[in-house]
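Residues in the sequence shown are numbered from 584 upward in steps of one, following the working numbering.
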Amino acid sequence: MGKYLLLWEMDQTRTPIDPKERGTGSKALMDMVKQDIEKGILKDWGGFVGEEKGYAIAEGTEVEIGNMVEQYVPFVRFEVHPIASVSQVEEVIKALSK
584 MGKYLLLWEM DQTRTPIDPK ERGTGSKALM DMVKQDIEKG ILKDWGGFVG EEKGYAIAEG
644 TEVEIGNMVE QYVPFVRFEV HPIASVSQVE EVIKALSK
């Protein structure tokens, strides 16, 4: 199981102009985020203050992460980065020394 940094950004072309509609859509997306936290796939989530973007830390297989991300499309775009642990980075460094 891998760990991933997800940088997310709302697709402004799909954001309603009406504040009430925007609030309804945002609440639905936040409910999905809370469900992903309850399922254990999202370990941390946050929005950048004053911006329509943020980050998440997720754990799972490539398929699990792909399925989780797809549920937010087309309203949210993601940049996904696999994260190496300290021990994994140490293994890479050790291999350099051989």
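By construction, the Cβ of each residue, glycine as well, lies at the ideal position given by its N, Cα and C atoms.
Within the same chain, show all residues whose beta-carbon is closer than 8 Å to that of residue i, passing over the 5 residues directly before and after it, in chain order.
| i | result |
| --- | --- |
| Leu612 | Tyr655, Phe658, Val659 |
Grab the span of the alpha helix (DSSP H) containing residue i for me, first residue to last.
| i | result |
| --- | --- |
| Val646 | 645 to 653 |
| Ile676 | 669 to 679 |
Give me the residue from the options with the minimum Cα distance to residue i.
| i | options | result |
| --- | --- | --- |
| Gln595 | Ser609, Leu589, Leu588, Gly585 | Ser609 |
Evaluate residue i with the Cβ neighbour count: other Cβ atoms within 10 Å of its Cβ, from every protein chain shown; 16 or more gives buried, anything less gives exposed.
| i | result |
| --- | --- |
| Ile600 | exposed |
With respect to the beta strand (DSSP E) encompassing residue i, which residues constitute its N-terminal and C-terminal limits?
| i | result |
| --- | --- |
| Asp601 | It is not in any beta strand (DSSP E) - Asp601 carries neither H nor E in the DSSP assignment. |
| Pro665 | 659 to 666 |
Quick one: grab the DSSP three-state call for residue i.
| i | result |
| --- | --- |
| Ile624 | coil |
| Gly585 | strand |
| Gly608 | helix |
Can you name, in chain order, every residue of its own chain whose Cβ lies under 6 Å from the Cβ of residue i, other than the five neighbours on each side?
| i | result |
| --- | --- |
| Trp628 | Val616, Ala639 |
| Phe661 | Leu589, Trp591, Val652 |
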